[in-house]
Amino acid sequence: MVAHTALSETAARANFSSVRGAALAIHEVSHHFELEGLPLPVLERVSLHLEPGEFVAILGPSGCGKSTLLRLVAGLDFPVGGSLSLDGQPIQGPDASRIIVFQDPTLYPWRTVWSNVALGLEARGLLQSHRGRVDDVLRLVGLAGFTTAYPRQLSGGMSQRVALARALVNDPKLLIFDEPLGQLDSLTRIAMQEELVSLWQRAGFTALLVTHDVEEAVFLASRVIVLSERPARVTAEVVNARPYPRHRGDPHLAELRREIMSLLGLAQSW
Amino acid sequence: MAAAAWLGAALLTVLWADRSGTDWDYTGDLAAGFGAVSSVLTLAIFSEAWFGSMARMHRLAPWMLALAFLLGTWEAITAKLGLLPLPFFPPPQALLEVVIDDRVRLAEGVLASLRLLAEGYCLGAALGFAMGVAMGWSRAASYWIHPVLRLVGPLPATAWLPLAFFAFPSSHSASTFLIALAAGFPVTVLTWSGVTSVSSAYYDVARTLGANQSFLILKVTIPAAMPHVFVGLFMGLGNSFAVLVIAEMLGVKAGLGWYLQWAQGWAAYANMYAALLIMALIFSGLITLLFRLRDRLLAWQKGLVRW
Chain B
869 MVAHTALSET AARANFSSVR GAALAIHEVS HHFELEGLPL PVLERVSLHL
919 EPGEFVAILG PSGCGKSTLL RLVAGLDFPV GGSLSLDGQP IQGPDASRII
969 VFQDPTLYPW RTVWSNVALG LEARGLLQSH RGRVDDVLRL VGLAGFTTAY
1019 PRQLSGGMSQ RVALARALVN DPKLLIFDEP LGQLDSLTRI AMQEELVSLW
1069 QRAGFTALLV THDVEEAVFL ASRVIVLSER PARVTAEVVN ARPYPRHRGD
1119 PHLAELRREI MSLLGLAQSW
Chain S
158 MAAAAWLGAA LLTVLWADRS GTDWDYTGDL AAGFGAVSSV LTLAIFSEAW
208 FGSMARMHRL APWMLALAFL LGTWEAITAK LGLLPLPFFP PPQALLEVVI
258 DDRVRLAEGV LASLRLLAEG YCLGAALGFA MGVAMGWSRA ASYWIHPVLR
308 LVGPLPATAW LPLAFFAFPS SHSASTFLIA LAAGFPVTVL TWSGVTSVSS
358 AYYDVARTLG ANQSFLILKV TIPAAMPHVF VGLFMGLGNS FAVLVIAEML
408 GVKAGLGWYL QWAQGWAAYA NMYAALLIMA LIFSGLITLL FRLRDRLLAW
458 QKGLVRW
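Residue numbers (my numbering), protein chains in the order written: chain B, 869 to 1138; chain S, 158 to 464.
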């Protein structure tokens, strides 16, 4: 699969070089759910700005509202207070320029790999003119040989790669990752993290990642945002200026990890 | 071995004289038929041996053997020994006689039944599917259709029979309505449940990829609900068989159900057995057809039940 990726690099670069990431502005966003008639606050005046092409990771205790924040950015839900905008345009609903990749790949089991990836183009009536893109993207994620396979025939890592290809084919300006590697075994996970970095570097989209894994956040992101317990507030921001590609053994990354662990209140294990 | 058994049945039929006092016209033809099966089997054995794969033959062989014994026994205790009272238990050649001599009437019956069934079932399945999708998708549709469905659905379609024959201009249209009703109920309920059980994550993903409402319904909801829909179609088909036969017995003056009733009037038991056999073959064939269609459309699922 790595060999596939390398082979297709030139083709992919030609396709994605025009794509530029967008700036995301989350301004004083608050949100709550209704629970048995009572409001359950989830987000409290969260503000966050992403520069075009930046890779930002969000870390926080589980159940703190990270996924809710991503749904707001994707336009699947609307905040109770505050505002969100992409390149200055208010976010008013789902749009193919902001695509979310969930922890569960959520492939459509009745569609082959190829038509799963083609879904976005098909939905927007672009499939006829952009058929080649589907093949390009499949090659990019190393699944060129699996176009006619059905999702049930794929492993977890392959499924998640299809989900990634399904997002990439639409040239998103912002890719939103909701713990995309959370269900994978640790070896696949490490390989996929490296692929994510190289895809991001090539395609140039802005990336917003939610994860539980501090090491993953430190390895991937140029900035790590730490959220509090629910209702989530931004409690810290750690800049990681290490250039890409990074190495896992880098002592600087280990240092950052220790710092973030202590911000999360887990310092004693380090 | 199966071939030999069929040959045995053929010889038994032709060599053993029919019991005195009876006169079956088609004894020779029946024996010829058994003989033909025997030679087909023999041929099959040789051709399969020639071309390789014997697996299919091996799988069929026990059944072929059992059938030969069954038919041979049937022949022996009816036509040859006369152990069972006539006319209630006719020998196999009597059925053959009916199928050959009465073929025009039977064929007309088959066509009439199939036409009525096709019209009623397709109408019911289409309406049921549309209602199920509407109920699953729209709150308003669910609000209005659900109570009606709950009240009317469990009522067996046959309960409408007297009223339908009175209210509709022809017994044909009345029966079409009844069959549609019988097929429509399970299709509606299962389509509806299929649509409501579609994971909301499927919609989230499609929406972020730029899908609009009609794309969501056609490309997400309906394919995701299809496994349920097919269960409904299967149940609906079974229901519609029952209504078809009853409607034909009680009102429609055509079809296999009517033929059964008519044959009973003449105490023509051989005709009834023949009609039943044909009916069983047709209904089973239709269900096979439905399952084939499902296997094609739902090839992406695994572990489907084979019919």
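Note that beta-carbon positions come from the ideal geometry of N, C-alpha and C, so glycine has one too. Just so you know, these numbers come straight off a predicted model, no measurement behind them.
Inset, instruction - Look up B:Gly950 in the DSSP assignment and say whether it is helix, strand or coil. - result: As a position in the first sequence, residue 950 of chain B is number 82, starting the count at 1. B:Gly950 falls in the strand class under three-state DSSP.
Legend entry - Three-state class that DSSP yields for S:Leu450 in the structure shown: As a first step, residue 450 of chain S is located in the second sequence; it is residue number 293 there, counting from the start. Here S:Leu450 sits in helix by DSSP.
Inset, instruction - Measuring only between beta-carbons, confirm whether S:Val365 sits less than 9 Å from chain B. - result: For the purposes of this step, residue 365 of chain S is taken as the residue at position 208 of the second sequence. Note that residue 365 of chain S is Thr in the sequence shown, not Val. Chain B, which has a Cβ nearer than 9 Å to the Cβ of S:Thr365, makes this yes.
Legend entry - Cβ distance (whole Å) where B:Phe1045 is taken to contact B:Val969 below 8 Å: On the first sequence, position 177 is the one that residue 1045 of chain B refers to. On the first sequence, position 101 is the one that residue 969 of chain B refers to. Going by Cβ atoms, the distance from B:Phe1045 to B:Val969 rounds to 5 Å, so yes, they are a contact pair.
Inset, instruction - Determine the extent of the beta strand (DSSP E) in which B:Glu896 is found, giving its start and end residues. - result: Translated into the one-based positions of the first sequence, residue 896 of chain B becomes position 28. First-last of the beta strand (DSSP E) with B:Glu896: Leu892 to Leu903.
Inset, instruction - Kindly indicate which three-state DSSP category B:Pro1040 falls into: helix, strand or coil? - result: By one-based count along the first sequence, residue 1040 of chain B stands at place 172. Note: B:Pro1040 maps to coil in three-state DSSP.
Inset, instruction - Kindly indicate the opening and closing residues of the alpha helix (DSSP H) around B:Arg1091. - result: As a first step, residue 1091 of chain B is located in the first sequence; it is residue number 223 there, counting from the start. Note, B:Arg1091: premise wrong, no alpha helix (DSSP H); beta strand (DSSP E) at Arg1091 to Leu1095.
Inset, instruction - Using the DSSP secondary-structure output, state which residues sit across from S:Val388 in a beta bridge. - result: Position 231 of the second sequence, counting from 1, holds the residue named residue 388 of chain S. For S:Val388, which the question treats as bridged, DSSP gives no partner whatsoever.
Inset, instruction - Identify whether B:Pro960 lies in helix, strand or coil by the three-state DSSP scheme. - result: Working through the first sequence from its first residue, we reach residue 960 of chain B at position 92. The question names Pro, yet the displayed sequence has Gln at residue 960 of chain B. If DSSP states are grouped into helix, strand and coil, B:Gln960 belongs with coil.
Legend entry - Proximal chain S residues relative to B:Ala964, where beta-carbon distance stays under 7 Å: As a first step, residue 964 of chain B must be located in the first sequence, where it is residue number 96. Leu366 and Gly367, listed in chain order.
Legend entry - N- and C-terminal bounds of the alpha helix (DSSP H) containing S:Pro319: One-based indexing of the second sequence puts residue 319 of chain S at position 162. From DSSP, the alpha helix (DSSP H) with S:Pro319 extends over Leu318 to Ala324.
Legend entry - Member of S:Leu243, S:Phe342, S:Pro244 and S:Leu312 whose CA lies at the smallest distance from the CA of S:Met288: In the second sequence, residue 288 of chain S corresponds to position 131, counting from 1. Measuring from the Cα of S:Met288, the nearest candidate turns out to be S:Phe342.
Inset, instruction - Say whether the stretch 1059-1068 of chain B touches the stretch 949-956 of chain B, bearing in mind that this needs 3 or more beta-carbon pairs closer than 8 Å, one atom from each stretch. - result: no
Legend entry - Nearest candidate by alpha-carbon position, reference S:Leu187, set S:Ala160, S:Gly239 and S:Leu252: As a first step, residue 187 of chain S is located in the second sequence; it is residue number 30 there, counting from the start. The option with the nearest alpha carbon to S:Leu187 is S:Leu252.
Inset, instruction - Along the beta strand (DSSP E) that carries B:Glu912, what are the first and last residues, could you check? - result: Here residue 912 of chain B corresponds to residue number 44 of the first sequence, with the count starting at 1. That run of the beta strand (DSSP E) goes Leu906 to Leu918.
Inset, instruction - Quick one: grab the DSSP three-state call for B:Val1074. - result: On the first sequence, residue 1074 of chain B is found 206 positions in, with the first residue counted as 1. In the sequence as displayed, the identity of residue 1074 of chain B is Thr instead of Val. Here B:Thr1074 sits in strand by DSSP.
Legend entry - the stretch 1027-1046 of chain B in contact with the stretch 1070-1077 of chain B per 3-pair CB rule at 8 Å: yes
Inset, instruction - From the DSSP output, in three-state form, read off S:Asp186 for me. - result: For the purposes of this step, residue 186 of chain S is identified with residue 29 of the second sequence, where counting begins at 1. Reduced to three states, the DSSP call for S:Asp186 is helix.
Inset, instruction - Tell me whether S:Arg216 sits in a helix, a strand or coil according to DSSP, three-state version. - result: One-based indexing of the second sequence puts residue 216 of chain S at position 59. S:Arg216 falls in the helix class under three-state DSSP.
Legend entry - Alpha-carbon spacing of B:Ala1109 relative to B:Pro1019, whole angstroms: By 1-based counting over the first sequence, the position of residue 1109 of chain B is 241. By 1-based counting over the first sequence, the position of residue 1019 of chain B is 151. Rounded to whole angstroms, B:Ala1109 to B:Pro1019 spans 38 Å at the Cα level.
Legend entry - Residues bridged to B:Val1106 [DSSP beta-bridge criterion]: Looking up residue 1106 of chain B in the first sequence gives position 238. Paired residues: B:Val1092.
Inset, instruction - Establish whether the CB of B:Pro1048 and some CB of chain S are separated by less than 9 Å. - result: The residue given as residue 1048 of chain B occupies position 180 in the first sequence. Not an interface residue.
Legend entry - is_contact[B:Leu944, chain S] using C-beta, thresh 9 Å: Residue mapping note: residue 944 of chain B aligns to position 76 of the first sequence, counting from 1. It does: the Cβ of B:Leu944 has a partner Cβ on chain S nearer than 9 Å.
Inset, instruction - Starting from the C-beta of B:Glu919, find all residues in its chain whose C-beta is less than 7 Å away, skip the five residues before and the five after it, and write them out in chain order. - result: Taking the first residue of the first sequence as 1, we reach residue 919 of chain B at position 51. Taken in chain order, the residues that qualify are Ala891.
Legend entry - Any chain B beta carbon closer than 9 Å to S:Trp294: Here residue 294 of chain S refers to the residue found at position 137 of the second sequence. No, S:Trp294 does not count as interfacial toward chain B.
Legend entry - chain B contact residues for S:Ala358, given Cβ-Cβ distances below 7 Å: Residue numbering aside, residue 358 of chain S sits at position 201 when the second sequence is read from its first letter. What S:Ala358 touches in chain B: Phe970, Asp972 and Thr974.
Inset, instruction - Take the Cβ of S:Ser195 as the centre, count every other Cβ of all protein chains shown within 10 Å, and call the residue buried at 16 or more, exposed below. - result: Translated into positions along the second sequence, residue 195 of chain S becomes position 38. Classification of S:Ser195: buried, given that the 10 Å Cβ count is 16 or more.
Legend entry - Contact list for the stretch 886-915 of chain B against chain S, Cβ threshold 8 Å: none
Inset, instruction - For S:Trp317, decide whether its Cβ has a neighbour in chain B, counting only Cβ atoms nearer than 9 Å. - result: Residue numbering aside, residue 317 of chain S sits at position 160 when the second sequence is read from its first letter. So, not an interface residue.
Legend entry - Contact set for B:Leu944: own chain, Cβ-Cβ below 8 Å, skip 5 residues either direction: Your numbering for residue 944 of chain B matches position 76 in the first sequence. Only Pro962 and Ile968 meet the Cβ criterion.
Inset, instruction - With a threshold of 16 other CB atoms inside 10 Å of the CB of S:Tyr430, please say whether the residue is buried or exposed. - result: Locating residue 430 of chain S in the second sequence gives position 273, counting from the first residue. Answer is buried; the Cβ neighbour count reaches 16.
Inset, instruction - Show which residues of chain S have a CB atom less than 7 Å away from the CB atom of B:Gly988. - result: On the first sequence, residue 988 of chain B is found 120 positions in, with the first residue counted as 1. Chain S residues near B:Gly988: Leu366 and Gly367.
Legend entry - Straight-line Cα distance separating B:Val1005 from B:Met1026: On the first sequence, position 158 is the one that residue 1026 of chain B refers to. On the first sequence, position 137 is the one that residue 1005 of chain B refers to. When rounded, the distance between both Cα atoms is 14 Å.
Legend entry - Helix, strand or coil at B:Thr1079 according to DSSP, with G and I counted as helix: As a first step, residue 1079 of chain B is located in the first sequence; it is residue number 211 there, counting from the start. Residue state, collapsed to three classes: strand.
Inset, instruction - Let me know if S:Ser397 comes out buried or exposed under the rule of 16 or more other beta-carbons within 10 Å of its beta-carbon. - result: For the purposes of this step, residue 397 of chain S is identified with residue 240 of the second sequence, where counting begins at 1. Under this definition S:Ser397 is a buried residue.
Inset, instruction - Return the residue from the list S:Leu450, S:Leu240, S:Asn369 and S:Asp258 that minimises the CA-CA distance to S:Val386. - result: Mapped onto the second sequence, residue 386 of chain S falls at position 229. Of S:Leu450, S:Leu240, S:Asn369 and S:Asp258, the residue nearest in Cα terms is S:Leu450.
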